[in-house]
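To start, the structure itself, in structure tokens.
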Amino acid sequence: MNHEILFAGFGGQGILFAGKVLVYAGMLEGRQVSWLPSYGPEMRGGTANCSVIISDDPIGSPIINDPAILVAMNLPSLDKFEDLIQKDGYAFIDSTLITRKVERNDVKTFYIPATQMAQDNGMKGLANMIMLGKVIRELGVMDMESIKKGLVKVIPERKKDMLEVNLKAVQMGYDF
Amino acid sequence: MADKVLMKGNEALAEAAMCAGCRHFFGYPITPQTEISAYLSKHMPKVGGTFLQAESEVAAINMVLGAAAAGVRVMTSSSSPGISLKSEGISYIAGCDLPAVIVNVQRGGPGLGGIQPSQADYYQATRGLGHGDFHMIVLAPSTVQEVIDLTFEAFDLADLYRMPVLMLSDGILGQMMEPASFPEGTGRTLPEKDWAVTGTQGKRKKNIVNSLYLQPDELERKVMERYERYDAIKKTEQKCERFMMDDAEYVVVAYGASARVAKNAIVAARAEGMKVGMIRPITLWPFPVDAIREATEQAKAFLTVELSMGQMIDDVRLACECKKPVHLCNRTGGMIVKPQEVLAKLKEISGGAK
Chain A
342 MNHEILFAGF
352 GGQGILFAGK
362 VLVYAGMLEG
372 RQVSWLPSYG
382 PEMRGGTANC
392 SVIISDDPIG
402 SPIINDPAIL
412 VAMNLPSLDK
422 FEDLIQKDGY
432 AFIDSTLITR
442 KVERNDVKTF
452 YIPATQMAQD
462 NGMKGLANMI
472 MLGKVIRELG
482 VMDMESIKKG
492 LVKVIPERKK
502 DMLEVNLKAV
512 QMGYDF
Chain B
651 MADKVLMKGN
661 EALAEAAMCA
671 GCRHFFGYPI
681 TPQTEISAYL
691 SKHMPKVGGT
701 FLQAESEVAA
711 INMVLGAAAA
721 GVRVMTSSSS
731 PGISLKSEGI
741 SYIAGCDLPA
751 VIVNVQRGGP
761 GLGGIQPSQA
771 DYYQATRGLG
781 HGDFHMIVLA
791 PSTVQEVIDL
801 TFEAFDLADL
811 YRMPVLMLSD
821 GILGQMMEPA
831 SFPEGTGRTL
841 PEKDWAVTGT
851 QGKRKKNIVN
861 SLYLQPDELE
871 RKVMERYERY
881 DAIKKTEQKC
891 ERFMMDDAEY
901 VVVAYGASAR
911 VAKNAIVAAR
921 AEGMKVGMIR
931 PITLWPFPVD
941 AIREATEQAK
951 AFLTVELSMG
961 QMIDDVRLAC
971 ECKKPVHLCN
981 RTGGMIVKPQ
991 EVLAKLKEIS
1001 GGAK
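Next up, the structure:
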């Protein structure tokens, strides 16, 4: 099974981090993975995105031009990538920050008020993990156990105490 | 092989350099090679190595020359405009017959250009990285694993042939992460560096490292000796990957990141019944002439896929002696060729040949 996921949002939302968790988890499952961030004169508050591929076959290009799966965490990202989503693809929208609806009707769309959920539950900054939880649930990318292993790898030693709350956020998205 | 880790190509290159015994790095910051310097600034001091951010690229490359003359494994890294600045020093390193590893994480040019991925420094890397008659070995990885393996190889080849080796990467390979592992080493036996200037303690004749020869006959002899070495390298060090080449009638030639894009297109073309394969040069100098020559018989046409206005295409034309048409599919300036564009081009050149 191939999954090509484009995570997009503001710098500082943990867009690249969410992608990293997913590829680490995929690698630990023994699958082929790649992760490619956008880079440029970008900073906190600017736009950021990363292309994540999880595949059972060797990966050629790590670039996702037309995503099968878009995870959009701000309006500029939805505006930029909506038209590029593959027909019959998926869109996961943080509906706290994106108030408009997806206009495409050939794309299966999920609206998750992730930023609000994170705020309400004392998980500020973990909307990314809530979105990730929803993605793995709906697409069956992998189970929670794998995500946990990925998180253990990606969270640096000095922030180990953040593991539990990250997992809780993923679970919250998974259950949404 | 150790466990697999996920690392950016740039970080993997930096770690591989340290694993290969490089303890001296001199550089100057530039995007998109930043992570190499950042990684080494953090980790080099922990193993007692030297990380030095010089006042300029010119200073950095001359520090590389000095360290190489002292017989240590040394590296510098930069991106396109920075490499141009280093070109004088690289010519001197070649003229002094010194081993050194130089990394170019290519970005769009000319001039200050842009910071997005590019392959437009192919001519510079394989033809003219500095003045005078000389070559450097040019290695072009296409995966993060290959970034690691070729970094080990680069240091070995530099020591083996006493010449600068260029790692030609690009913004995609530098920034992307994929699983890779670090080998123990190459296990190669390398010659003693008995030419290094390490102090004589009054016990032996002085070693002198120099690229100045005022007597033309002496300089000619030196250059000719160097070219004999180059001929040997051309015979033994050509490297490439052959992908789906067995029955290929249309042969894509691509290296580095664009080879990854091309692979997607080739798999798609095969699914449509087209007989397409790829030769992926791993050494750009020496160019894998033998592989291209061998494929010339079976090929109806070649297609180079490049993130430039078409530079490697000249080497393919030379290698196949223009016996078959050589086409180009390209983007430049930091734009990336899409697999669909390569596929469309393959269909165009194969005409009704299917």
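Which chain is which? The protein sequence lines are A and B, in order. Sequential numbering of the first sequence, starting at 342, is according to my numbering. Sequential numbering of the second sequence, starting at 651, is according to my numbering. Beta carbons are placed, not taken as given, at the ideal position from N, Cα and C, and that holds for glycine.
Quick one: grab the DSSP three-state call for residue i.
| i | result |
| --- | --- |
| B:R777 | coil |
| B:H644 | The structure shown does not extend to residue 644 of chain B, since chain B is modelled only from 651 to 1004, so the question has no answer here. |
| B:G761 | coil |
| B:A1003 | Unreliable placement is indicated for B:A1003, whose pLDDT of 46 sits below 50; the coordinate value is still reported in the next sentence. Looking at B:A1003 - three-state DSSP - the assignment turns out to be coil, as it is neither helix nor strand. |
| B:I743 | helix |
| B:C669 | helix |
| B:M928 | strand |
| A:F422 | helix |
| B:R910 | helix |
| B:N754 | strand |
| B:T850 | coil |
| B:V966 | helix |
| B:H693 | helix |
| B:D820 | strand |
| B:R661 | It is Glu, not Arg, that sits at residue 661 of chain B in the sequence shown. Note: B:E661 maps to helix in three-state DSSP. |
| B:E891 | strand |
| A:Y452 | strand |
| A:V511 | helix |
| B:P814 | strand |
| B:L656 | strand |
| B:V708 | helix |
| B:T629 | What the structure shows of chain B is the stretch from 651 to 1004, and residue 629 of chain B is not part of that stretch, so it cannot be assessed. |
| A:Q460 | helix |
| B:Q825 | helix |
| B:M725 | strand |
| A:L411 | strand |
Got a sec? Which residues, its chain only, sit under 7 angstroms from residue i by beta carbon, not counting five neighbours each side?
| i | result |
| --- | --- |
| A:I356 | F348, A349, G350, A389, N390, C391, M414 and N469 |
| A:Q354 | M414, A468 and N469 |
| A:K361 | W376 and V495 |
| B:A808 | P749, A750, V751, P814 and V815 |
| B:I711 | T726, K736, G739 and I740 |
If you measure from the beta carbon of residue i to each beta carbon in chain B, is any gap under 8 angstroms?
| i | result |
| --- | --- |
| A:G352 | no |
| A:S418 | no |
| A:M368 | yes |
| A:I404 | yes |
| A:S375 | yes |
| A:L504 | no |
| A:G430 | no |
| A:P378 | yes |
| A:G355 | no |
| A:G387 | no |
Looking at the C-beta of residue i, does it have a partner C-beta in chain A at a distance below 8 angstroms?
| i | result |
| --- | --- |
| B:N754 | no |
| B:N914 | yes |
| B:M962 | no |
| B:M1041 | Chain B is shown only over 651 to 1004; residue 1041 of chain B falls outside these bounds and no answer can be derived. |
| B:E828 | yes |
| B:L656 | yes |
| B:K1004 | Bear in mind that a pLDDT of 44 at B:K1004, under 50, signals an unreliable position, so the model cannot answer this. |
| B:K692 | no |
| B:I932 | no |
| B:P682 | yes |
| B:G838 | The amino acid at residue 838 of chain B is misidentified as Gly; the sequence shows Arg. No - not a single Cβ of chain A is within 8 angstroms of the one on B:R838. |
Go through its chain and collect everything with a Cβ distance to residue i's Cβ below 6 angstroms, but skip five positions before and after it.
| i | result |
| --- | --- |
| A:I427 | Ile is not the amino acid found at residue 427 of chain A; the sequence shown has Gln there. These residues qualify, in order along the chain: D407 and A409. |
| B:S730 | Q756, R757, G759 and D771 |
| B:A1003 | Caution is warranted here: a pLDDT of 46 is assigned to B:A1003, below 50, making its placement in the model unreliable, and no coordinate value can be reported. |
| A:I395 | H344, G367, R372 and V374 |
| A:S418 | A349 and G350 |
| B:T700 | H674 |
| B:V722 | H674 |
| B:A1056 | Because chain B spans 651 through 1004 in this model, residue 1056 of chain B falls outside it and cannot be assessed. |
| A:N507 | M470 and L492 |
| B:H781 | S741 |
Tell me which residues share the same chain as residue i and place their Cβ nearer than 8 angstroms to its Cβ, disregarding the 5 neighbours each side in the sequence.
| i | result |
| --- | --- |
| B:M786 | I740, A744, I752, A775, L779, M813, P814, V815, L816 and W935 |
| A:E444 | E423 |
| B:K658 | E685, V794, G824, Q825, M826 and M827 |
| B:G761 | P731 |
Report whether the distance from the Cβ of residue i to the nearest heavy atom of the ligand NAD is below 7 angstroms.
| i | result |
| --- | --- |
| A:G367 | The ligand NAD is absent from the structure shown, which contains no ligands of any kind. |
At 4 residues or longer, and completely inside the stretch 351-408 of chain A: list those alpha helix (DSSP H) runs for me, N to C. 356-369
Whether or not the stretch 811-827 of chain B and the stretch 782-798 of chain B are in contact is what I'm after, with contact meaning three or more pairs of Cβ atoms, one per stretch, closer than 8 angstroms; do they touch? yes
Would you call the stretch 803-817 of chain B and the stretch 897-913 of chain B touching, i.e. three or more CB-CB distances under 8 angstroms? no
So, do the stretch 910-918 of chain B and the stretch 935-949 of chain B have three or more beta carbon pairs nearer to each other than 8 angstroms? no
If we count Cβ pairs, one from each stretch, closer than 8 angstroms, do we get three or more for the stretch 678-687 of chain B versus the stretch 710-728 of chain B? yes
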